[in-house]
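Student: One structure coming up, written as structure tokens, with questions to follow.
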Amino acid sequence: MEKVDCIIVGGGLAGLSAAYGLASEGLEVIVIERGDYSGAKNVTGGRLYVSPIRDLYPELWKAAPFERPVTREFVTLMGDGAHTTIELASERFATPAYQSYTVLRARFDQWFADQVMEKGGMVITKNRVDDLLLEGGKVIGIRAGGDDIGADVTIIAEGVLGLLSSKAGLREEPRPQDHALGYKEIIELPPGVIQDRWHLNEGEGAAHLFMGGVTRGLMGGGFLYTNKDSISLGIVVGMEAMRQAPDKVDSYTLLDEFKELPQIKPLVEGGTIVEYSAHAIAEGGIAKVPKLYGDGYLLAGDTAGLSLNALVTVRGMDFAIASGYYAARAVIDAKERDDFTAASLAQYEQSLRSSFVLKDLETARYIPHTIENPRLFTHYPQAVSNLMEQVFTIGPGPSKKLSSTVMGGVRKDFLNLQTLKELYAMRKI
Amino acid sequence: MNILVFVKTNPDLQMIRIKDRQPVMEAIPYKVGDLEKNAVEAAIQLRDAAGGGTITAVCLAEANRRAKETLKEVLAMGADEAVLVTEPALEVADQAAVALVLAKAAEKTGYDLLLFGEGSTDNYTGQVGPRVAEILGVPQIGYARKITGTEGGVQVERSMDEHIEVLEAPFPVAVTVVSEINEPRIPSLMNIMKAGKKPLAEYSLADLGLDATSVVAQKAILSNLAEEQDRKHIMFDGDPAAQAEAFVNALLKEGVLGR
Ligand SMILES: Cc1cc2nc3c(=O)[nH]c(=O)nc-3n(C[C@H](O)[C@H](O)[C@H](O)COP(=O)(O)OP(=O)(O)OC[C@H]3O[C@@H](n4cnc5c(N)ncnc54)[C@H](O)[C@@H]3O)c2cc1C
Chain S
1 MEKVDCIIVG
11 GGLAGLSAAY
21 GLASEGLEVI
31 VIERGDYSGA
41 KNVTGGRLYV
51 SPIRDLYPEL
61 WKAAPFERPV
71 TREFVTLMGD
81 GAHTTIELAS
91 ERFATPAYQS
101 YTVLRARFDQ
111 WFADQVMEKG
121 GMVITKNRVD
131 DLLLEGGKVI
141 GIRAGGDDIG
151 ADVTIIAEGV
161 LGLLSSKAGL
171 REEPRPQDHA
181 LGYKEIIELP
191 PGVIQDRWHL
201 NEGEGAAHLF
211 MGGVTRGLMG
221 GGFLYTNKDS
231 ISLGIVVGME
241 AMRQAPDKVD
251 SYTLLDEFKE
261 LPQIKPLVEG
271 GTIVEYSAHA
281 IAEGGIAKVP
291 KLYGDGYLLA
301 GDTAGLSLNA
311 LVTVRGMDFA
321 IASGYYAARA
331 VIDAKERDDF
341 TAASLAQYEQ
351 SLRSSFVLKD
361 LETARYIPHT
371 IENPRLFTHY
381 PQAVSNLMEQ
391 VFTIGPGPSK
401 KLSSTVMGGV
411 RKDFLNLQTL
421 KELYAMRKI
Chain A
430 MNILVFVKTN
440 PDLQMIRIKD
450 RQPVMEAIPY
460 KVGDLEKNAV
470 EAAIQLRDAA
480 GGGTITAVCL
490 AEANRRAKET
500 LKEVLAMGAD
510 EAVLVTEPAL
520 EVADQAAVAL
530 VLAKAAEKTG
540 YDLLLFGEGS
550 TDNYTGQVGP
560 RVAEILGVPQ
570 IGYARKITGT
580 EGGVQVERSM
590 DEHIEVLEAP
600 FPVAVTVVSE
610 INEPRIPSLM
620 NIMKAGKKPL
630 AEYSLADLGL
640 DATSVVAQKA
650 ILSNLAEEQD
660 RKHIMFDGDP
670 AAQAEAFVNA
680 LLKEGVLGR
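What follows is the structure, encoded as structure tokens:
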């Protein structure tokens, strides 16, 4: 059997990041990616938070094909008949080094694969890994298209469903309860139009999230990111919520409905749809992170459950890149020791624990449970919009004092037992 | 037997969108041209049938085209060696200039048989093979649907409209192939891995005794606009089976299917 230092299953961000680290140190590494090219099948919102990973591969981000730095944040709370938008224009966000950028995966991942190959790593596309090769509980390589290839360490970065790793018993089968579905369109718009619609200076970008009447009250929301000359527009819906929904609805119908909403329509007006995609998102949080290593293998990125949906921030790409980085470090050190057992590879989990990756997931431990509450997606966006509407209303008769309008609304929708209970439950997030 | 196969990297046409009647080339993956793959397959079959010989794949690297990957793919299929000619000036070269460079590369490498695709997947001018043959002064056979090795040469079946022509030629000879000649193999993972270790020579124009002035294009493209077509905006209702049927019927009517 042909053998290399490291095989990486999956040429997404986690896999490519690991490959880049390994190839930079001269290890013989092959990435096997089933897509026509890296980025072909990968879906994100998306915005990449660069701040957490800037120091990991500092040379890379300087030349990366980002779309726009996110300098403005919008959140729209959608109610029936009224919606409220909060716009944050932060000077800090608009000053380099930018904390986050929008990205298009087709472009970004291809570029990343090129960087890996520049360093001497091999990225083999259009090939699917069919099986992990196990020998006495140790992963010794992979099988693809009838060829067996051995490796000291196999890094499994096969994305969210983790079919190979579950099949090999390295993690649990994915459950719908722990996942959401994302649907997304890329809609082309001229840069000038994008800048006008989101109040941006040339080259700057916006992130726009929508909560409330987006997903028929199902757990989820809408997102919109501005790219150079397109926007990424989509919705995310909890799989379990969709399964349980009393009236069954097709996911693409939800996206169509979303685009027809009076709040969204003017934002996408005149645009051309150039891409459509759908993908699962892991939302189980730290409680669902599997064992990250064992004899001869490491799990990285979405396969390791490293993603976080905290309502206004969605993260996964930075975790994928960071986990790839630490996976590479662990393999490099293991090679130095010439010891690829679980004990030697345990370093990987330790470094993730002391990095932002598992720390941030730990901080967010209770978020997945809290956002299961459907009232977050129905009652609150509606209540805020109602209240704002009242504040701005001048009717035919005499108006009430502002303070009593506000207090009335607050009392009605926020100062009740259920809301207080929910607020109390939220203290953990 | 020394076989040279000329391969061109083509943009993946399926990935190209048209915007303002121009192709959007940004972030488009490149791949080995379809007919070039047939040519490589033909070379492999000839070599293997002869029980020996060397296949050298030759490719020009114009800016942006992923020539090295193309050559690796061809090496993974079974070519033995590769030659890459890199030169930024080639980006604007026309078929005459490309043919000149390829002919010089062929002279430098040595050859018995020169194999080409009949035309490239993207531009399909069908000029490069005949031009190289002309520059080198070797006979050329086009529309090859079958090539068989003979003592010191080849026998070629040419696919003509109404008939098949059979020709024989001694080496050296240039042959351009059509798609019906074979079904190109898909390289196995192991062969892809090994391809990285096969010899790949890189030449500059200077190495071939040329310079940037020898590849100046003799022709200029004044306009190259894609056809414009409005969307049909047809909605299909009813149960899925009925929708599917109506959809297929509409595609048939438009001539998209069943051509
Ligand atoms: C709708 C949506 C919105 C999101 N928004 C954001 C956001 O704004 N910001 C953010 O940071 N994150 C976001 N995420 C999460 C983020 O996209 C993921 O966390 C990230 O893509 C994970 O990267 P990865 O490399 O682990 O997996 P992937 O990118 O999924 O890569 C896995 C790769 O493995 C390949 N593969 C799988 N099986 C095999 C096999 N057997 N053989 C060969 N190859 C195989 C696949 O083709 C794929 O290329 C979003 C996700 C979705 C779906």
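Line by line, the protein sequences are chains S and A. Just so you know, we're using this note's numbering here: the first sequence kicks off at 1 and counts up by one. Just so you know, we're using this note's numbering here: the second sequence kicks off at 430 and counts up by one. Ideal placement from N, C-alpha and C gives every residue a C-beta, glycine not left out.
1. Closest to K497 (chain A) by C-alpha separation, out of A:L637, A:N439 and A:V527, would be which residue?
2. Check for me: the beta strand (DSSP E) holding L433 (chain A) runs from which residue to which?
3. Indicate whether L529 (chain A) and V436 (chain A) have their beta-carbon atoms separated by less than 9 Å.
4. How should D5 (chain S) be labelled, buried or exposed, when 16 other C-beta atoms within 10 angstroms of its C-beta is the threshold for buried?
5. Give the DSSP-derived three-state secondary structure of E536 (chain A) in the structure shown.
6. Where does A471 (chain A) sit, in a helix, a strand or coil, going by DSSP?
7. Which residue from A:P517, A:I610, A:V557 and A:T515 puts its Cα closest to that of E586 (chain A)?
8. Nearer than 8 Å: is that true of the beta carbon of H208 (chain S) relative to any heavy atom of ligand 1?
9. Any heavy atom of ligand 1 closer than 8 Å to the beta-carbon of I281 (chain S)?
10. Quick check for students: name the residue ranges of the beta strand (DSSP E) that lie wholly in the segment 36–82 of chain S, counting only runs of 3 or more.
11. Roughly how many angstroms lie between the CA atoms of S307 (chain S) and K288 (chain S), to the nearest whole one?
12. Look up V153 (chain S) in the DSSP assignment and say whether it is helix, strand or coil.
13. Could you tell me if M430 (chain A) is buried or exposed, where buried requires 16 or more neighbouring beta carbons within 10 angstroms of its beta carbon?
14. Does chain A have any CB closer than 9 Å to the CB of L13 (chain S)?
15. Following a CB-centred definition, is Y49 (chain S) positioned closer than 8 Å to any heavy atom of ligand 1?
16. Once you ignore the five residues that flank T605 (chain A) on each side, which residues in its own chain have a CB closer than 6 Å to its CB?
17. Quick one: any contact between the segment 466–485 of chain A and the segment 394–414 of chain S, if contact means 3 or more CB pairs under 8 Å?
18. Comparing the C-beta of D391 (chain A) with each C-beta of chain S, is any distance below 9 Å?
19. Considering only the alpha carbon of each residue, which of S:D148, S:L189, S:G222 and S:G301 lies closest to G270 (chain S)?
20. If you measure between the beta carbons of Q451 (chain A) and L654 (chain A), is that distance less than 9 Å?
21. Taking L618 (chain A) as the query, report the chain S residues whose CB atoms sit under 8 Å from its CB, ordered along the chain.
22. Going by DSSP, what residue range makes up the alpha helix (DSSP H) through V677 (chain A)?
23. Along the segment 449–462 of chain A, what residues have a CB closer than 8 Å to any CB found in chain S?
24. Would V391 (chain S) be called buried (16 or more neighbouring beta carbons within 10 Å of its own) or exposed?
25. Determine the direct distance from the alpha carbon of M117 (chain S) to that of V123 (chain S), and round the result to whole angstroms.
26. Can you say whether Y553 (chain A) is buried or exposed, counting buried as having 16 or more other CB atoms within 10 angstroms of its CB?
27. By the DSSP assignment, the alpha helix (DSSP H) with M117 (chain S) in it spans what residues?
28. Which residues does DSSP pair with I593 (chain A) in a beta bridge?
29. Do we get a CB-CB distance below 9 Å when we pair G507 (chain A) with the residues of chain S?
30. Can you tell me whether T515 (chain A) is helix, strand or coil according to DSSP?
31. Could you tell me if P246 (chain S) is buried or exposed, where buried requires 16 or more neighbouring beta carbons within 10 angstroms of its beta carbon?
32. With S549 (chain A) as the anchor, note down where its beta strand (DSSP E) starts and where it stops.
33. Taking the alpha helix (DSSP H) that D196 (chain S) belongs to, which residues open and close that run?
34. Return helix, strand or coil for D148 (chain S), following the three-state DSSP convention.
35. Between R107 (chain S) and chain A, is the shortest Cβ-Cβ distance under 9 Å, so that the two count as touching?
36. List the DSSP bridge partners of H179 (chain S).
Tutor: Taking the geometry as given:
1. Taking the first residue of the second sequence as 1, we reach residue 497 (chain A) at position 68. Residue A:N439 is the option with its Cα nearest to K497 (chain A).
2. Position 4 of the second sequence holds residue 433 (chain A). In the DSSP annotation of this structure, the continuous segment of the beta strand (DSSP E) that includes L433 (chain A) starts and ends at N431 to F435.
3. Position 100 of the second sequence, counted from the first residue, corresponds to residue 529 (chain A). Position 7 of the second sequence, counted from the first residue, corresponds to residue 436 (chain A). No; because the gap between Cβ atoms is not below 9 Å, this pair is not in contact.
4. Sequence index remark: in the first sequence, residue 5 (chain S) carries index 5 (1-based). By the 10 Å Cβ count, D5 (chain S) comes out buried.
5. By one-based count along the second sequence, residue 536 (chain A) stands at place 107. Reduced to three states, the DSSP call for E536 (chain A) is helix.
6. Position 42 of the second sequence, counted from the first residue, corresponds to residue 471 (chain A). Note: A471 (chain A) maps to helix in three-state DSSP.
7. Residue mapping note: residue 586 (chain A) aligns to position 157 of the second sequence, counting from 1. Selected option, being the one with the closest Cα: A:I610.
8. Within the first sequence, residue 208 (chain S) is the residue found at index 208, counting from 1. No - ligand 1 has no heavy atom lying nearer than 8 Å to the Cβ of H208 (chain S).
9. Position 281 of the first sequence holds residue 281 (chain S). Result yes, Cβ under 8 Å from ligand 1.
10. 47–49 and 70–78
11. Within the first sequence, numbered from 1, the residue matching residue 307 (chain S) stands at position 307. Within the first sequence, numbered from 1, the residue matching residue 288 (chain S) stands at position 288. Between S307 (chain S) and K288 (chain S), the C-alpha separation is close to 10 Å.
12. In the first sequence, the residue the question calls residue 153 (chain S) occupies position 153. V153 (chain S): strand per DSSP, three-state reduction.
13. Translated into positions along the second sequence, residue 430 (chain A) becomes position 1. That one is buried.
14. For the purposes of this step, residue 13 (chain S) is identified with residue 13 of the first sequence, where counting begins at 1. No - not a single Cβ of chain A is within 9 Å of the one on L13 (chain S).
15. Position 49 of the first sequence, counted from the start, is the residue given in the question as residue 49 (chain S). Yes - ligand 1 has a heavy atom lying nearer than 8 Å to the Cβ of Y49 (chain S).
16. Position 176 of the second sequence, counted from the start, is the residue given in the question as residue 605 (chain A). So the list reads F545, E547, G558 and G571, once near-sequence residues are dropped.
17. no
18. This structure leaves residue 391 (chain A) out entirely; chain A is present only between 430 and 688.
19. In the first sequence, the residue the question calls residue 270 (chain S) occupies position 270. Answer by Cα proximity: S:L189.
20. Start at 1 with the first residue of the second sequence, and residue 451 (chain A) comes out as number 22. Start at 1 with the first residue of the second sequence, and residue 654 (chain A) comes out as number 225. Taking 9 Å as the Cβ cut-off, Q451 (chain A) and L654 (chain A) qualify as a contacting pair.
21. For the purposes of this step, residue 618 (chain A) is taken as residue 189 along the second sequence, with counting starting at 1. Here the neighbours are I32, I124, N127, A144, G145, D147 and I149.
22. Residue numbering aside, residue 677 (chain A) sits at position 248 when the second sequence is read from its first letter. Where V677 (chain A) is concerned, the enclosing alpha helix (DSSP H) stretches over P669 to E683.
23. Residues passing the 8 Å Cβ filter: E455, A456 and P458.
24. By 1-based counting over the first sequence, the position of residue 391 (chain S) is 391. By the neighbour-count rule (16 or more Cβ atoms within 10 Å), V391 (chain S) is not buried but exposed.
25. The count along the first sequence starts at 1 and reaches residue 123 (chain S) at position 123. The count along the first sequence starts at 1 and reaches residue 117 (chain S) at position 117. The straight-line gap from Cα to Cα measures roughly 7 Å.
26. Taking the first residue of the second sequence as 1, we reach residue 553 (chain A) at position 124. Burial call: exposed.
27. In the first sequence, counting from the first residue as 1, residue 117 (chain S) sits at position 117. From DSSP, the alpha helix (DSSP H) with M117 (chain S) extends over R105 to E118.
28. For the purposes of this step, residue 593 (chain A) is taken as residue 164 along the second sequence, with counting starting at 1. BP columns for I593 (chain A) point to A:S588.
29. Reading the second sequence from its first residue, position 78 is the one you call residue 507 (chain A). No, its Cβ sits nowhere closer than 9 Å to a Cβ of chain S.
30. Residue numbering aside, residue 515 (chain A) sits at position 86 when the second sequence is read from its first letter. Three-state result, T515 (chain A): strand.
31. Here residue 246 (chain S) refers to the residue found at position 246 when the first sequence is read from its first residue. Exposed, by the Cβ-count rule.
32. To locate residue 549 (chain A), count along the second sequence from 1; it is residue 120. That residue, S549 (chain A), is in no beta strand (DSSP E); it is neither H nor E in DSSP.
33. Translated into positions along the first sequence, residue 196 (chain S) becomes position 196. Unbroken alpha helix (DSSP H) run through D196 (chain S): P191 to R197.
34. Within the first sequence, numbered from 1, the residue matching residue 148 (chain S) stands at position 148. The answer is strand: DSSP assigns D148 (chain S) an E or B state.
35. Walking along the first sequence from the start, residue 107 (chain S) turns up at place 107. Closer than 9 Å to some Cβ of chain A, the Cβ of R107 (chain S) qualifies, so yes.
36. Within the first sequence, the letter at position 179 stands for residue 179 (chain S). In the DSSP output, where bridge partners are listed per residue, H179 (chain S) has S:A282.
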